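Chains as they are written, first to last, in our numbering: chain A, 4 to 279; chain B, 6 to 765; chain C, 62 to 228.
Read through the structure below, which is laid out as structure tokens, and then see the notes.
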Amino acid sequence: MIPGPFELVRPGTVEDAVAALVEHGDDAKILAGGHSLLPLMKLRLAMPSVLIDIGRIPGLSYVRVEGDEVAIGAGTRHHELEKDPVAQAEVPILPYVASQVGDPQVRHRGTIGGTVAHSDPASDLPTALLALGGSVVAQGPDGRRSIPVTEFWLGFFETALEPDELVVELRVPRTGSAGWGYEKFTRRANDWPIVAAAAVEGRVALANMAGAVVRATATEEALARGASIEEAAALAAEGTSPSADMHADAEYRQHLARLLTRRALEKAAGAGAAAA
Amino acid sequence: MSILGTRVVRTEDPLFLTRGATYTDDLVDDRLTGALHATFVRSQVAHGRLLSVDASAAREAPGVVAVFTAEDCTDLAPIPAGLPMVPPAMIRPWLATDAVRFVGDIVAVVLTEERYQGEDAAELVSVDVDPLPAVVTTADSARDEVLLFPEAGTNVMAAFGEPAPEDFFVGCEVVVTQRMVNQRVAPVPLETRAAAAAWGEDGRVTIWCTNQGAQQAKGEIAGWLGLDPARVHLVTPDVGGGFGAKIGADPEYAFVAWLAQQAGRPVRWTESRSENLVGMLHGRGQDQVVTIGGRRDGTIEAYSLVVDQDCGAYPRVGIILPTLTMLMAAATYAFPKVHAQARALATNTTSIGAYRGAGRPEATAAVERSIDLFAAEIGMDPAEVRRKNLVPAFSEPHTTPSGATYDSGEYVAALDKALEAAGYAELRAEQTRRRERGDVRQLGIGLSTYVEITGADTGLGAAESAELEVHPDGTATVLTGTSPHGQGHATAWAMLASDQLGIPVEKITVLHGDTDRIPRGGGTMGSRSLQQGGAAVHQAATELIEVAKQRAAEQLEADPADLQVDLTSAGLSVRGTPGAGITFAQLAEKEPLVVQTRFEAAAPTFPFGAHVAVVEVDVESGKAELQRLVAVDDAGVIVNPLLAEGQRHGGFAQGVAQALLEEVLYDADGNPQTSTLADYPFVSATELPSFELVDMATPTPINPLGAKGIGEAGTIGSTPAVHNAVIDAVAHLGVRHVDMPTTPMRVWRAIQQAQQEGTH
Amino acid sequence: MKVSMTVNGQQRTDEVEPRLLLAHYLREVCGLKATNIGCDTTSCGACTVVVDGLTVKSCTVLAAQADGAQVTTLEGLAGPDGELHPVQRAFREEHGLQCGFCTPGMVMAAIGVLADNPDPSDREVREGLEGNLCRCTGYHNIVRAVRTAAQAGPTAGQVPQAQEVQA
Ligand SMILES: Cc1cc2nc3c(=O)[nH]c(=O)nc-3n(C[C@H](O)[C@H](O)[C@H](O)COP(=O)(O)OP(=O)(O)OC[C@H]3O[C@@H](n4cnc5c(N)ncnc54)[C@H](O)[C@@H]3O)c2cc1C
Ligand code: FES
Ligand code: FES
């Protein structure tokens with residue numbers, strides 16, 4: 004199958020891309036790696052009349068330390084993040100989670116900005132980013148602003164981005180050798196997660212347990228109170244509203260959320276202990 | 006030393022690996038210059054009255070040459086089912102007329118100049134359907150409350166056998182009954198369906214299409230279109246997998262030929278995967294009830310299998326699959342009493358056809374699960390129960406209570422070999438250790454034994470044609486009526502000819518799939534190719550040697566009886582006269598050295614084997630992972646182990662996939678849930694281990710090669726072994742049965758339920 | 062719009078629709094039919110080619126996105142004298158193909174696996190090929206073929222014209 008017809012715009016700078024968004028409004032879509040957008044367009048579930056290809060804008064792919072944070076360019080591809088030595092040293096959860104996305108070919112194309120902007124509740128990197136904390140840097144006609152990750156993903160394919168804004172960077176705290184865990188549950192290795200849990204420094208985020216990636220707040224609060232991993236993980240499904248599909252109904256997803264949270268927390272504790 | 010039985014690498018591969026094979030969509034042919042592209046518009050509603058199809062907007066779209074709806078095709082007679090038992094009211098129209106009966110039913114077809122324009126225009130065809138309740142399960146169907154074909158008065162397409170006598174299990178100490186699902190799966194050959202057609206000035210049509218047997222496909226298309234077969238030339242290019250789903254023709258292929266006639270231009274069609282997953286036949290789809298009874302010492306006395314076969318919306322081969330299941334119900338066992346009965350039922354889903362094993366895997370799955378249920382009930386090791394009930398080794402044909410006559414078999418030996426190779430005792434010990442420790446990852450060990458029928462009379466006879474010609478330049482050509490889609494016929498057939506003639510394999514070209522050159526042939530299906538097509542090549546070589554001897558006798562002025570084949574020179578030599586001889590190539594100089602022959606198999610053959618699967622189940626999540634698959638597959642004499650092993654590997658993967666992963670799903674309204682490869686969980690490399698193959702070869706007397714079929718065996722044996730292993734892994738938690746595919750959710754839920762019941 | 066790229070070492074420029082997929086560009090415009098299309102959802106990998114040293118699924122890349130790139134397909138692997146690439150050779154020796162439909166994509170993906178990891182274990186090969194489906198071989202001989210190819214050394218992970226491939 005093939006996408007419906009569209010006009011392709013190839014801006015050379017972020018400013019030009021924003022200008023194109025302003026000009027074309029709702030008819031336009033940003034094209035980054037295309038690995039969420041093009042499959043939707045091929046199935047004709049999306050039919051934008053203008054695509055703004057940001058893949059040719061120089062300088063959007065980087066991972067660097069800036070103070071207490073690591074800054075990651077929106078155009079950084081999953082495989083670049085996976086192999087990046089700075090990321091490996093400063094936020095090791097991210098390269099690992101990047102390696103769990105799809106398959107090698109997908110990782111060669113997909114970008115972190117794309118997966119963040121797409122807001123699929125089943126996506127891996129947003130789950131890890133939400134557990135890390137930090138912010139999404141967006142650029143619009145009025146310049147840049149920073150949106151905390153906890154306020155960014157609003158629902159299924161829905162974010163806090165304005166229609167004329169672009170994701171340009173992700174900023175996450177440096178976690179260094181702190182323990183972390185990421186548990187992705189799939190039927191086949193290259194699948195999207197049925198449920199996933201990310202744990203780092205007492206924060207826990209879940210994939211596919213609601214319209215968007217969510218924090219397991221009851222678990223986090225219990226941990227803060229000093230509850231055991233076992234007790235805290237048992238609360239992981241609280242307040243979630245998972246959907247049912249052929250892989251899992253809501254009850255089973257909630258079970259997985261508890262199980263994967265426990266395992267992710269155990270890994271985080273183990274890794275932390277080992278590193279310490 | 007004979008070339009037979011050696012690991013000859015494939016002659017087809019250099020081209021496949023450098024330029025790629027030439028599949029139907031790859032064809033570049035003058036006759037297809039300027040071809041239009043056909044795009045089918047399919048129903049998005051599973052069941053409903055078709056009120057109108059409005060193609061006016063599509064007709065105005067860029068590149069559209071024509072749009073056909075049912076109104077435009079009234080001169081096409083409905084597609085005959087080709088099966089005598091089908092009620093005439095259930096016959097499929099070319100395009101949905103009054104009703105749509107499954108998501109995927111064809112409602113219109115668009116012809117465009119360019120491929121991309123077809124999809125754009127198809128979007129513009131508006132189809133108005135008044136929805137009716139959808140019949141999605143066999144249980145819904147059997148209630149006959151909603152009828153797919155009201156004129157037929159029932160959803161039952163066919164019924165076979167009688168209910169078991171009331172006293173069937175009387176006297177058994179233990180009787181276990183289980184309802185189980187042999188789920189609907191999608192064959193998914195990696196090449197989707199494709200066809201191209203061009204009419205010549207001579208009034209003949211050439212059709213290229215992807216299929217498993219050109220001659221049958223041609224016969225069907227000619228019949229459906231009411232064409233004199235002499236006017237149809239069918240060519241099968243390279244085929245990217247079939248697995249039963251490409252047997253014969255599909256209506257779309259005939260449609261492409263008809264459209265080319267209507268348009269006066271060649272027409273091409275290649276379906277998308279989304280179209281393929283609703284449009285191509287599915288496989289399996291049986292709801293089964295098994296009952297097994299016997300004594301506490303492990304002796305089984307009676308076994309009953311009752312099948313509801315889901316046939317989908319229109320009658321295809323699915324209707325007769327349960328007859329194969331019934332025929333093979335007794336399987337490898339010496340059960341004194343066997344009962345089998347089946348109904349074939351219409352549902353608002355994609356039609357069911359043959360899929361690797363076609364009716365036999367369903368029989369094996371049922372009986373192998375039953376044995377394990379019986380073993381669990383009496384608390385005996387399932388290997389022991391099997392040993393007690395297997396048919397002992399036999400060399401004279403063995404006839405079962407369900408009516409099959411097995412040619413040769415050593416089932417106990419196969420099981421023992423498999424158990425030994427797997428290290429069964431140590432596996433059980435490890436299992437016990439993990440159970441005692443209460444490990445999260447529990448070990449499951451699953452067994453299966455199987456016997457299956459291959460090379461059965463497909464209705465076209467159990468015969469195959471071959472032509473063999475040696476050319477003056479020392480090369481040879483084999484024309485065969487079977488046609489490969491990955492099996493490596495070009496190599497194996499060349500080996501068979503080379504073995505007798507001494508002509509090197511690289512100098513032998515194997516041709517297939519062109520009905521003008523090879524008018525007769527049965528194709529590749531039912532694991533028949535080697536034992537019939539290969540045997541025909543073998544026979545052709547034998548006959549060619551006789552012709553050559555007559556000819557040589559004249560030329561050399563020798564007694565034909567003194568002539569013998571000299572493999573080194575690829576010719577004949579005169580016994581007792583060193584240096585006197587002549588090559589086959591020389592004998593072809595004056596007149597063609599060619600024979601045509603037809604090999605007729607006296608009976609089908611019955612390959613058999615035993616599999617041991619080892620799985621690990623994470624009892625907290627319910628996820629099962631296959632660790633090992635140990636397989637003994639006895640298909641008689643092996644011509645090329647490399648190819649035979651390849652067939653086994655592929656079969657294992659598909660069998661494992663059915664046990665663990667794959668299932669075609671519909672929602673309650675008949676909407677397919679698995680119509681893309683993002684949703685249909687096609688098994689990938691990461692869910693499979695490398696397989697452990699154990700050799701065993703019991704020759705068959707049925708053909709001169711001593712060979713049985715190997716194409717489907719791997720699938721048949723692996724599914725129940727893996728299925729049993731998953732359940733075995735959680736048996737100590739009280740689980741007795743989980744339907745396939747054994748998804749994590751199903752296994753987890755079965756554990757939850759068993760524990761709840763256990764605590765009550 | 063106009064796109065220019067180097068396909069199997071040959072520079073070319075073509076006028077294309079913006080929506081033209083790279084897979085269709087290679088097949089229909091360049092006439093390179095080895096690259097196959099087996100799905101609509103970026104799932105099967107039959108369309109895998111190497112773009113600027115990286116394996117990609119060409120059904121999910123616009124020809125326009127590959128504008129200016131170096132593209133290698135199965136047809137570009139063998140040497141000018143017909144000498145097979147180590148991965149091609151290993152697929153033949155180990156019977157790593159049956160119907161051949163997955164093969165062009167599988168061979169390209171295998172090169173990517175070896176570029177990333179010159180001596181992978183069975184498990185690593187399987188994980189590296191997770192995006193490539195095969196219905197015929199059960200993957201058994203494909204895994205063996207990739208491991209056999211690894212023994213040929215670093216060239217097994219490279220495509221000709223000194224294009225580096227990385228996974
Ligand atoms: C076969 C397959 C398997 C996959 N498996 C997984 C998986 O297991 N886990 C997982 O998490 N993901 C998976 N993905 C998705 C993959 O990670 C995608 O690459 C990612 O979700 C989107 O990134 P992209 O750069 O390709 O975005 P695109 O497809 O180009 O864009 C996605 C959306 O975001 C918008 N967008 C993109 N960039 C920006 C930006 N900078 N600013 C504003 N809007 C933007 C686009 O307009 C579009 O709406 C899979 C994809 C495929 C095809
Ligand atoms: S055709 Fe590209 S992944 Fe299937
Ligand atoms: S060889 Fe047929 S799909 Fe892989």
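All C-beta atoms in this analysis are idealised placements derived from N, C-alpha and C, irrespective of residue type, glycine included.
Predicted, not measured: the structure shown is a model, and the values here were computed from it.
Just to confirm my understanding: we take residue i, look at its own chain, exclude 5 residues before and 5 after, and list those with CB closer than 6 Å. What are they?
i, result
"Gly-269 (chain B)", "none"
"Tyr-5 (chain B)", "This structure gives no information on residue 5 (chain B), because the portion of chain B shown stretches from 6 to 765."
"Arg-97 (chain B)", "Ile-84, Tyr-319"
"Val-217 (chain A)", "Leu-209"
"Gly-36 (chain A)", "Arg-112, Gly-113, Thr-114, Gly-117"
Do we get a CB-CB distance below 9 Å when we pair residue i with the residues of chain A?
i, result
"Lys-63 (chain C)", "no"
"Val-186 (chain C)", "no"
"Gln-447 (chain B)", "no"
"Asp-684 (chain B)", "yes"
"Asp-125 (chain B)", "yes"
"Leu-666 (chain B)", "yes"
"Gln-492 (chain B)", "no"
Report back the beta-carbon spacing between residue i and residue j to the nearest angstrom; my notes put them in contact at under 8 Å.
i, j, result
"Thr-355 (chain B)", "Thr-143 (chain B)", "Actually they do not touch by this definition, with Cβ atoms about 14 Å apart."
"Gly-718 (chain B)", "Ala-640 (chain B)", "The amino acid occupying residue 718 (chain B) in the given sequence is Ala; Gly does not appear at that position. 6 Å between Cβ atoms; contact."
"Pro-92 (chain B)", "Ala-157 (chain B)", "5 Å"
"Gln-222 (chain C)", "Gly-92 (chain C)", "With 8 Å as the limit, Gln-222 (chain C) and Gly-92 (chain C) do not qualify as a contact, their Cβ atoms being about 19 Å apart."
"Gly-507 (chain B)", "Ser-578 (chain B)", "Contact flag wrong, Cβ pair sits at about 11 Å."
"Gly-189 (chain C)", "Pro-107 (chain A)", "6 Å"
At what residues does the alpha helix (DSSP H) containing residue i begin and finish?
i, result
"Tyr-99 (chain A)", "96-102"
"Arg-205 (chain C)", "201-211"
Would you kindly check if the distance between the Cβ of residue j and the Cβ of residue i is under 9 Å?
i, j, result
"Leu-81 (chain C)", "Leu-123 (chain C)", "yes"
"Leu-24 (chain A)", "Ile-33 (chain A)", "yes"
"Leu-132 (chain A)", "Leu-164 (chain A)", "no"
"Gly-627 (chain B)", "Trp-753 (chain B)", "yes"
"Tyr-685 (chain B)", "Val-141 (chain B)", "no"
"Arg-191 (chain A)", "Glu-692 (chain B)", "yes"
"Gly-518 (chain B)", "Pro-242 (chain B)", "yes"
"Gly-408 (chain B)", "Leu-332 (chain B)", "yes"
"Leu-5 (chain B)", "Ala-235 (chain B)", "The requested residue 5 (chain B) is not part of the displayed model; chain B covers only 6 to 765."
"Leu-100 (chain B)", "Val-115 (chain B)", "no"
Could you confirm whether any beta carbon from chain B is found closer than 9 Å to the beta carbon of residue i?
i, result
"Asn-211 (chain A)", "no"
"Gln-227 (chain C)", "Below a pLDDT of 50, predicted positions are generally treated as unreliable, and Gln-227 (chain C), at 48, falls in that range; no measurement from the model is reported."
"Phe-9 (chain A)", "no"
Which stretch, first to last residue, makes up the beta strand (DSSP E) that contains residue i?
i, result
"Phe-165 (chain B)", "161-165"
"Tyr-416 (chain B)", "No beta strand (DSSP E) holds Tyr-416 (chain B); the alpha helix (DSSP H) holding it covers 416-427."
"Ala-71 (chain B)", "69-74"
"Leu-81 (chain B)", "Premise fails: Leu-81 (chain B) is in no beta strand (DSSP E) and is neither H nor E."
Would you verify that the beta carbon of residue i is, or is not, closer than 9 Å to some beta carbon of chain C?
i, result
"Met-750 (chain B)", "no"
"His-81 (chain A)", "no"
"Phe-613 (chain B)", "no"
Who are the near neighbours of residue i in its chain, counting only those whose CB is closer than 7 Å to its CB and skipping five residues on each side?
i, result
"Ala-272 (chain A)", "Gly-182, Ile-232"
Could you pull out every residue in the same chain whose Cβ sits closer than 8 Å to the Cβ of residue i, ignoring the five residues on either side in sequence?
i, result
"Val-14 (chain B)", "Thr-496, Leu-647"
"Thr-116 (chain C)", "Thr-109, Val-110, Met-169, Ala-170, Ile-172, Gly-173, Val-226, Ala-228"
"Gly-39 (chain B)", "Arg-270, Pro-271"
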